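Novice: So that we are looking at the same thing, I have put the structure below in structure tokens.
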Amino acid sequence: MVHYKLTYFNARGLAEISRQLFHLAGVEFEDHRLTEEEFAALKPNLPTGQVPILYIDNVPFSQSTAFARYLARKFGFNGKSAEEELLADGIVDTFKDFIESFRKFIIGTLTEQNAETMVNSFSLSLFSLFLSFSLRNIIFICFHK
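What the sequence shown shows, in the UniProt record's numbering, is residues 1 to 145, in sequence order.
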């Protein structure tokens, strides 16, 4: 049996999509939640010096979106055709860009006015596309944060 270990901070953030995929699939995994002190000690030994990390049988893999896509494929949540998978990947990447842009607002480098412009630049048609697609299929984009 495969042993999965997901290492991240005690927060939703970048690891949450993978956590949700494990739960939805009913697959057991070790949910290793780091303190800041544990991260500082672990960081020099990480492949990219960053978390989250997904260990599969003690082999570390980095980049949360890459391993979320892997888990979605493995557990059958990535669409029913290559075209649906492509559509899901595009939506995930767009939402990831959207969330990444909000980090500037959270850490205080983006003004309220710039945030409003940023939000308005993301088309509502994308959200309607996402909703129509996710209502037809339970796929991993539904859990991306």
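Note that beta-carbon positions come from the ideal geometry of N, C-alpha and C, so glycine has one too. Bear in mind the structure is a predicted one, so any value in this text is a computation, not a measurement.
Return helix, strand or coil for residue 24, following the three-state DSSP convention.
Specialist: The residue labelled residue 24 in the question sits at position 24 within the sequence shown. Assignment of residue 24 by DSSP, reduced to helix, strand and coil, places it in the helix class.
Novice: Give the range of the beta strand (DSSP E) segment to which residue 73 is assigned.
Specialist: Within the sequence shown, residue 73 is the residue found at index 73, counting from 1. It is not in any beta strand (DSSP E) - residue 73 instead sits in the alpha helix (DSSP H) that spans 64-75.
Novice: Is residue 5 helix, strand or coil by DSSP?
Specialist: Against the sequence shown, residue 5 aligns to sequence position 5. DSSP places residue 5 in strand when its eight states are reduced to three.
Novice: Just the C-alpha distance for residue 71 and residue 38, rounded to the nearest angstrom, thanks.
Specialist: Looking up residue 71 in the sequence shown gives position 71. Looking up residue 38 in the sequence shown gives position 38. One C-alpha to the other measures close to 26 Å.
Novice: Can you tell me where the alpha helix (DSSP H) with residue 42 in it begins and where it stops?
Specialist: In the sequence shown, the residue the question calls residue 42 occupies position 42. That run of the alpha helix (DSSP H) goes 36-42.
Novice: Tell me which residue opens and which closes the beta strand (DSSP E) that residue 54 is part of.
Specialist: In the sequence shown, residue 54 corresponds to position 54, counting from 1. Residue 54 -> beta strand (DSSP E) spans 53-56.
Novice: Measuring CB atoms only, is the segment 22-38 touching the segment 2-9, in the sense that at least three cross pairs come out at less than 8 Å?
Specialist: Here the segment 22-38 lies against the segment 2-9, with 3 or more beta-carbon pairs under 8 Å apart.
Novice: Flag this pair as touching only if the segment 79-87 and the segment 52-63 have three or more C-beta atom pairs under 8 Å; answer yes or no.
Specialist: no
Novice: Measure the Cβ-Cβ separation of residue 65 and residue 96 and say whether it is below 8 Å.
Specialist: Taking the sequence shown and counting its residues from 1, one reaches residue 65 at position 65. Taking the sequence shown and counting its residues from 1, one reaches residue 96 at position 96. For residue 65 and residue 96, yes; Cβs fall inside 8 Å.
Novice: Taking the C-alpha atoms as reference points, what is the distance between residue 94 and residue 44?
Specialist: Taking the first residue of the sequence shown as 1, we reach residue 94 at position 94. Taking the first residue of the sequence shown as 1, we reach residue 44 at position 44. Roughly 31 Å separates the two Cα atoms.
Novice: According to DSSP, which residues form a beta bridge with residue 95?
Specialist: Residue mapping note: residue 95 aligns to position 95 of the sequence shown, counting from 1. DSSP output for residue 95 lists no bridge partner at all.
Novice: Could you tell me how far apart the beta carbons of residue 25 and residue 75 are, in whole angstroms, since I believe they sit closer than 8 Å?
Specialist: Position 25 of the sequence shown, counted from the first residue, corresponds to residue 25. Position 75 of the sequence shown, counted from the first residue, corresponds to residue 75. The pair is a contact, with the Cβ atoms about 4 Å apart (cut-off 8 Å).
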